[in-house]
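To start, the structure under review is shown below, and the notes come after it.
There are 2 protein chains.
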Amino acid sequence: MDNQQSEQLLQRKGLKKTKLRHALIQHFIKTQHAQSYADIKQALMEATDKSTLYRNLTAFEHAGLIHSINDYSGVTKYAFGEAPIQGNEHAHFVCECCETVYCMDGLAPLQLDIPKGFRAKRVQTIIRGICADC
Amino acid sequence: MDNQQSEQLLQRKGLKKTKLRHALIQHFIKTQHAQSYADIKQALMEATDKSTLYRNLTAFEHAGLIHSINDYSGVTKYAFGEAPIQGNEHAHFVCECCETVYCMDGLAPLQLDIPKGFRAKRVQTIIRGICADC
DNA sequence: AATTTAAATGCAACACGGTTGCATTTGTAA
DNA sequence: TTACAAATGCAACCGTGTTGCATTTAAATT
Chain A
1359 MDNQQSEQLL QRKGLKKTKL RHALIQHFIK TQHAQSYADI KQALMEATDK STLYRNLTAF
1419 EHAGLIHSIN DYSGVTKYAF GEAPIQGNEH AHFVCECCET VYCMDGLAPL QLDIPKGFRA
1479 KRVQTIIRGI CADC
Chain B
1359 MDNQQSEQLL QRKGLKKTKL RHALIQHFIK TQHAQSYADI KQALMEATDK STLYRNLTAF
1419 EHAGLIHSIN DYSGVTKYAF GEAPIQGNEH AHFVCECCET VYCMDGLAPL QLDIPKGFRA
1479 KRVQTIIRGI CADC
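Going down the list, the sequences are from chains A and B.
FYI, this note's numbering numbers position 87 of the first sequence as 1445, with every residue one higher than the one before it.
FYI, this note's numbering numbers position 80 of the second sequence as 1438, with every residue one higher than the one before it.
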C-alpha cells in the first residue's frame, strides 16, 4: 500500500488525511483519464457517501489537485493535475466509441477573431472522434 | 399573430402544426440567443408539459430546425437554425456576466495537431468572456 | 362532413447528477 | 488527553431529462 504519494499531496495542500482522500488520489493517479462521479463511485468498492465524495471532489479541485472537465455528456468529469492556466488551456478529446476523455496538451491555440465589444477570457475546446485504442 | 413563418417551417419539415410548436418557433425567432428548457418554460406562460416540450425540442433538432448547444452550465440549450455542418462548426460564446450564449459564425477554425492514432471528427469550441452588452 | 389513424399531448413516475442541513465522528494541534 | 475544526454519513431536496400509457388532436381518406 503506497500511501506516500497521496500523503505528501494532502499535506502539501493542507488537506486532512482521510481514507477516502487517499483512495481518491490513488484512483486518479492510476486511471489517467477523466473520471465521472459514477466512475469513481464504481471504482471505490467501499460504500462511499455521495455528498462526501462530491465535497472532496470540489475540495480537491479548489486545492488544484484535480480539475473538472465538461464534455458533451452533461456530467462533470475530473482529471488529475492542475487546472489549465490562462493562455495554456488544453483541449479535451472525447472518444465517440469508448467515451474516454483525454487531456491533450500542446495543441496549437485557437486563432480567435472575436466581434468587437466581446472580450474572450477562457477558451475550451472539445474534440470528438475516435481514440487510438478504438 | 404572424403564424405564417412557423406554418411554413413546420410544413416544410413535415411536422404537424400544433399550438405549442407555433409558439416555440415564434419564441426561437424572437429570442435570437440560445434557450434552455427553463428559459422556454418561463417564456411560454401557458402551462406547458415538460415531456411534451422536451419531445418537441428533440423533434425540432432532428428536423434541423434548431440545434443544441452544450455550454459549461451543464444544461442543454437550443438555438434557432441548422446544426453546424462538418467543417463549418461555429463557436459558442458564453457571457460570464449575463450567461447569454451567442452563436459565433465565421471564426477562424482551430489549428489541430492531434496525436497519431487519434481521429478528430467534430470540434466544439466554447469561449467564455464578457459580451458586448455587459 | 364523418371516419379513421398515426402522431402529439398530458400526466405520473422515475433515474440521475448534484446540493444542503444537521447530527456524529475523526484528524490534528495544543 | 483534551478540545476544536473539519470531515463524514444520512436524509431530504432540486433540476434536468426520460419513459410508459391513456387521451386528445391533426390531417388524410372516404
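Idealized CB from N, CA, C, for every residue including glycine.
Every value quoted in this text rests on a predicted model; they were computed, and no experiment measured them.
Check your understanding: Along chain A, in chain order, which residues have C-beta atoms closer than 8 Å to that of residue 1488 of chain B?
Key -> From the beta-carbon of residue 1488 of chain B, the residues of chain A found nearer than 8 Å are 1476, 1477 and 1479.
Exercise for review: Tell me, please, which residues DSSP counts as bridged to residue 1459 of chain A.
Suggested key: For residue 1459 of chain A, which the question treats as bridged, DSSP gives the partners A/1452.
Review point. For residue 1460 of chain B, does the count of other Cβ atoms within 10 angstroms reach 16, so buried, or fall short, so exposed?
Key: buried
**Study point:** Where residue 1408 of chain A falls, given that 16 or more other Cβ within 10 Å makes a residue buried
**Key:** exposed
Check your understanding: If you drop the 5 nearest sequence neighbours on each side, which residues of the same chain put their C-beta closer than 6 Å to that of residue 1395 of chain B?
Key -> The answer is none, since no qualifying residue turns up.
Point to revise | Beta-carbon neighbours of residue 1454 of chain A, restricted to chain B and to distances below 8 Å | key: 1479
Practice item. Alpha carbon to alpha carbon, how far is residue 1379 of chain A from residue 1368 of chain B? Give it in angstroms, no decimals. Key: 54 Å
Review point. Which residues bound the alpha helix (DSSP H) around residue 1389 of chain B?
Key: 1377–1389
Check your understanding: Can you find a CB in chain B that lies within less than 8 Å of the CB of residue 1395 of chain A?
Key -> no
**Study point:** Between the CA atoms of residue 1361 of chain A and residue 1386 of chain A - distance to the nearest angstrom
**Key:** Their backbone Cα atoms lie some 13 Å apart in a straight line.
Check your understanding: CB residue 1393 of chain A to CB residue 1436 of chain A, shorter than 8 Å?
Key -> yes
Check your understanding: Quick one: does residue 1427 of chain A have its CB under 8 Å from some CB of chain B?
Key -> no
Check your understanding: Per DSSP, what kind of secondary structure is residue 1426 of chain B in: helix, strand or coil?
Key -> strand
**Study point:** Segment limits, alpha helix (DSSP H) that includes residue 1418 of chain B
**Key:** 1408–1421
Check your understanding: Taking the DSSP output, what are the residues bridged to residue 1435 of chain B?
Key -> B/1394 and B/1427
Practice item. Below 9 Å between beta carbons is the criterion; list the residues of the stretch 1410–1439 of chain A that meet it against any residue of chain B, in chain order. Key: 1428, 1429, 1430, 1431, 1432, 1433 and 1434
Point to revise | For residue 1479 of chain B, the first and last residue of its enclosing alpha helix (DSSP H) | key: Premise fails: residue 1479 of chain B lies in the beta strand (DSSP E), 1477–1488, not in any alpha helix (DSSP H).
**Study point:** As assigned by DSSP and simplified to three states, the class of residue 1374 of chain A
**Key:** coil
Exercise for review: Measure the C-alpha to C-alpha separation of residue 1482 of chain A and residue 1424 of chain B and round it to an integer number of angstroms.
Suggested key: When rounded, the separation of the alpha-carbon atoms in residue 1482 of chain A and residue 1424 of chain B is 23 Å.
Review point. If you compare alpha carbons, which of B/1432, B/1472, B/1366 and B/1486 is closest to residue 1472 of chain A?
Key: B/1486
Review point. If we ignore side chains and look at the alpha-carbon of each, how far apart do residue 1491 of chain B and residue 1431 of chain B end up?
Key: 20 Å
Exercise for review: Please report how far the alpha carbon of residue 1478 of chain B lies from the alpha carbon of residue 1370 of chain B, in whole angstroms.
Suggested key: 33 Å
Review point. Which word fits residue 1420 of chain B, buried or exposed, when buried means at least 16 other C-beta atoms lie within 10 angstroms of its C-beta?
Key: exposed
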